[in-house]
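In the numbering used here, the protein residues as written are 513 to 1012.
We put the beta carbon where it would ideally sit given N, CA and C, even for glycine.
First comes the structure, then the notes that go with it.
Given below as structure tokens:
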């Protein structure tokens, strides 16, 4: 018996050695063939990764038990080699795929870099044309800037860094309107969504040059140039740092002139842009006094009623009303309070109701005369309706305004019966004085009850009016809620809390 140790990967193989007497040529050749085939098995196992020790032992046992061991090991060797070959081919394919994906990513990165380089070179060429001394080249460069910056934010930033803004501002000094339009719209696109460019355009003197175009001795330029200037003022005024500069430049008068447009020379978009630009400028407190020097406030009050622009007009008034001069400018407008009270009834426009109630609330809080003027317009019924049907913010502001008016009304009542307190504090010395005091108190109670009745009737009418609206909207019969129901509601509600 002998043992052959082939290491850890192959394992130990035990085989029988034939006896010396039986060791003939056939036995020796049998052992030789067996050893050769086994040696091949070991080599194949090592080539395929060295993990087939158990398979070798199994194959040796099969070979020792069969007489045809020379053919079968060879077939198994072929299958084993084919498996090994397939493993190697799979690994090669995986390596090829990984290598291909890496190459494709590198190619994509290279393509992206190439595109960026080409875009940068194109932008450099455009800037070079803008900075050339040829007028035609500058005009073509401005047109190309307008096209490239229309939808590309990166191009806006890159062109500004390359120095495209100063030549475009200088192009506004040209004599032809084509150059003006190309430069204005190129600057407009450069400023879209880029605060740094907005500041750079104003710093380069664009506001002054645009106003010079407007104040030309030949009169207003053609409408296309005016619309481009208004659009630029709108975009530039969106930056807080630009608001005082534009407001002090005289642009407010120009924008108001476009907003009025009595001759109807300019389009609706230009008027709308001028209104939005004025709103942007009114946000800055330093511009309020420039606005008050014009007739913008009377114009806005006279135009309230157009639902499309009234919200923006009221927004301008809300920026003006916190300043004392602004409140005075509003109050001196004829029928100012009836106009604002009428806005409180615009149930289809909650934003307008909120802004109108804010303006009235501030004015009522600051001025006794304004409160009296509001009471004369019948504001109470509108406020009561607003507290029932308005938005949350409108209801809150209407309630505060009612509270302010109620306190003022209470002062009026106390002043009307001021001698009652003196009578009560005086000593009761005679029946005549007692009778006089009783008559005075009865008169006071009767007047107060009349006031409560009036308020109760007012609340009842408001509830009935609102209920009719609800019934109409719900397509219910007109007699769905009896009139006695409102009397019950008002009798219980007004006894608890009245606005006066």
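Selection from the options that minimises the alpha carbon distance to residue i
| i | options | result |
| --- | --- | --- |
| residue 689 | 716, 740, 677, 653 | 740 |
| residue 664 | 888, 847, 705 | 705 |
| residue 677 | 829, 659, 703, 687 | 703 |
| residue 635 | 646, 655, 618, 840 | 655 |
| residue 839 | 820, 863, 803 | 803 |
| residue 645 | 686, 623, 819 | 686 |
| residue 807 | 899, 767, 757 | 767 |
| residue 772 | 668, 902, 810 | 810 |
| residue 864 | 669, 769, 906 | 906 |
| residue 712 | 724, 757, 725, 632 | 757 |
| residue 675 | 658, 629, 643, 666 | 643 |
| residue 878 | 733, 916, 781 | 916 |
Cβ-based burial, residue i [other Cβ within 10 Å; buried from 16]
| i | result |
| --- | --- |
| residue 927 | Note that residue 927 scores a pLDDT of 45, beneath 50, so its modelled location is shaky; the value from the coordinates is reported in the next line. With fewer than 16 other Cβ atoms within 10 Å, it is exposed. |
| residue 799 | buried |
| residue 873 | buried |
| residue 805 | exposed |
| residue 679 | buried |
| residue 727 | exposed |
| residue 880 | exposed |
| residue 653 | buried |
| residue 783 | buried |
| residue 801 | exposed |
| residue 814 | exposed |
| residue 699 | buried |
| residue 793 | buried |
| residue 897 | buried |
| residue 735 | exposed |
| residue 647 | exposed |
| residue 786 | buried |
| residue 641 | buried |
| residue 900 | exposed |
| residue 673 | exposed |
| residue 882 | buried |
| residue 753 | exposed |
| residue 902 | buried |
Beta-carbon proximity check, residue i vs residue j, cutoff 8 Å
| i | j | result |
| --- | --- | --- |
| residue 755 | residue 749 | yes |
| residue 778 | residue 737 | no |
| residue 867 | residue 826 | yes |
| residue 650 | residue 696 | no |
| residue 789 | residue 742 | yes |
| residue 710 | residue 751 | yes |
| residue 512 | residue 853 | Past the edges of the chain, shown from 513 to 1012, lies residue 512, and the structure says nothing about it. |
| residue 744 | residue 722 | yes |
| residue 886 | residue 842 | no |
| residue 870 | residue 830 | yes |
| residue 660 | residue 639 | no |
| residue 759 | residue 796 | yes |
| residue 823 | residue 861 | yes |
| residue 845 | residue 816 | no |
| residue 763 | residue 714 | no |
| residue 716 | residue 681 | yes |
| residue 828 | residue 791 | yes |
Segment limits, alpha helix (DSSP H) that includes residue i
| i | result |
| --- | --- |
| residue 804 | 800 to 804 |
| residue 777 | Run containing residue 777: none; DSSP gives neither H nor E here. |
| residue 893 | 891 to 901 |
| residue 831 | 819 to 832 |
| residue 795 | No alpha helix (DSSP H) contains residue 795, which DSSP labels as neither H nor E. |
| residue 815 | 808 to 815 |
| residue 867 | 862 to 878 |
| residue 672 | 665 to 674 |
| residue 853 | 848 to 855 |
| residue 758 | 755 to 759 |
| residue 835 | Residue 835 -> no alpha helix (DSSP H), and no H or E assigned at all. |
| residue 681 | 677 to 682 |
Those runs of the alpha helix (DSSP H) which lie wholly inside the segment 685 to 749 and span at least 4 residues: 689 to 703, 707 to 715, 718 to 726, 735 to 748
Any chance you could list the alpha helix (DSSP H) runs of at least 4 consecutive residues sitting entirely within the segment 609 to 660, in chain order? 647 to 660
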